[in-house]
Amino acid sequence: MDMANVGTSSRVPAVQAFGLKWELPVEVLLQRAATKPRTGVECQRPTGPSSASRLQRAIRPPNLKRLEFDSDMPVNTVSWPASLQELSFDTEFNQPIVGVPWPASLQNLSYGTKFNQPIAKVAWPASLQKLSFGVHFNQPNAEVVWPAGLKRLSLGVHFNQPIAEVAWPACLKSLSFGVHFNQPISQVVWTACLKRLSFGRCFNRPIVRVARPASLQKLSFGRCFKQPIVGVAWPVSLRRLSLGTEFNQPIAGIVWPASLLQLSFGVDFAHRWNGRPPYTV
Numbered sequence: 023m024d025m026a027n028v029g030t031s032s033r034v035p036a037v038q039a040f041g042l043k044w045e046l047p048v049e050v051l052l053q054r055a056a057t058k059p060r061t062g063v064e065c066q067r068p069t070g071p072s073s074a075s076r077l078q079r080a081i082r083p084p085n086l087k088r089l090e091f092d093s094d095m096p097v098n099t100v101s102w103p104a105s106l107q108e109l110s111f112d113t114e115f116n117q118p119i120v121g122v123p124w125p126a127s128l129q130n131l132s133y134g135t136k137f138n139q140p141i142a143k144v145a146w147p148a149s150l151q152k153l154s155f156g157v158h159f160n161q162p163n164a165e166v167v168w169p170a171g172l173k174r175l176s177l178g179v180h181f182n183q184p185i186a187e188v189a190w191p192a193c194l195k196s197l198s199f200g201v202h203f204n205q206p207i208s209q210v211v212w213t214a215c216l217k218r219l220s221f222g223r224c225f226n227r228p229i230v231r232v233a234r235p236a237s238l239q240k241l242s243f244g245r246c247f248k249q250p251i252v253g254v255a256w257p258v259s260l261r262r263l264s265l266g267t268e269f270n271q272p273i274a275g276i277v278w279p280a281s282l283l284q285l286s287f288g289v290d291f292a293h294r295w296n297g298r299p300p301y302t303v
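Heads up: the sequence shown begins at 23 in my numbering, then just goes up one per residue.
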């Protein structure tokens, strides 16, 4: 098709893009930005190898809100756009983040597969609400000072560090542990606002003496969980409880919370419920 002869119609309404991704190396991005500045860009994705100074020039759009970073290079000297709300580091990134000057407006921050750097001395932005780590992350977090407004925290697949001394942020509502987590939780002090708590496949620790927040609404255990639950003090607000594939413990005499709406057992569960087979529960 000869694009020079393509006509336009006055009936086509004007549109404005709210999101944009550049699937170009930073060098190409800089080359184009030098001749075509984009002031209304909300999303940008610099890729490929580059220097910190080139990256700095690549993310200058003043209204940038979302940035996807697919490169393994230092970011401790980057001056992020003041408008940035969402920042994600993809698969290759594995650089130190202590001392990184995060933008004050940042709300969502996620790290990809290879990231596994210390976070104990990271100064998180006060605006941060959602934080997630990728597959390889397995760093101590007992000394981490989480942002007070953090609402959702997801720890990676390989994470398996003690959490008994962790001071969780007061506003935390959702906390999820990955596949390999299998640490004691009897001494953990959960935040009073927690509503969703999930454990991964390998978790198999006693929970009878665990004090859970009264606000908890959803609790799920993974495949390997097979601990006794008779005597567990369930949260009064619990609505959904999921027990893992290998769970096969007696449930007679358990006092379930009146708020419970959904109770799930795995394929290995073979105990009876009030004299009825388990599949009628």
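A virtual CB, placed ideally from N, CA and C, is assigned to each residue, including glycine.
Remember, it's a predicted structure, so these values are computed and weren't measured experimentally.
Could you give the distance in angstroms between the alpha-carbon of N226 and the alpha-carbon of P83? 48 Å
Beta-carbon gap between Q151 and K136 smaller than 9 Å: no
Quick check on this structure: which residue in W256, L197, F287, E108 has the alpha carbon closest to the alpha carbon of L131? The shortest Cα separation from L131 among W256, L197, F287, E108 belongs to E108.
Classify L51: buried if its beta carbon has 16 or more other beta carbons within 10 angstroms, exposed otherwise. Legend: pLDDT at L51 = 41, less than 50; position of this residue unreliable, no value from coordinates given.
For the beta strand (DSSP E) containing L177, name the first residue and the last one. Segment: none, L177 is in no beta strand (DSSP E) and carries neither H nor E.
Could you check how far apart the C-beta atoms of W124 and P147 are, in whole angstroms? I think they sit under 8 Å. Between P147 and W124 the Cβ distance is about 4 Å, and since that is below 8 Å, they are a contact.
Which partner residues of A163 appear in the DSSP bridge assignment? Per the sequence presented here, residue 163 reads as Asn, with Ala not at that position. Partner(s): none; N163 has no beta bridge.
What residues are listed by DSSP as bridge partners for L265? L265 is not bridged to any residue.
Short check: CB of E165 to CB of A142, under 9 Å? yes
According to DSSP, is W190 part of a helix, a strand, or is it coil? coil
Checking 9 Å against the spacing of the C-beta atoms, do G288 and G253 come in under that value? no
Can you say whether I276 is buried or exposed, counting buried as having 16 or more other CB atoms within 10 angstroms of its CB? So I276 ends up on the exposed side.
Opposing strand residues paired with F111 [DSSP bridges]: F91
What are the boundary residues of the beta strand (DSSP E) that S286 is part of? 284-286
How many Å lie between I273 and L216 at the Cα? 25 Å
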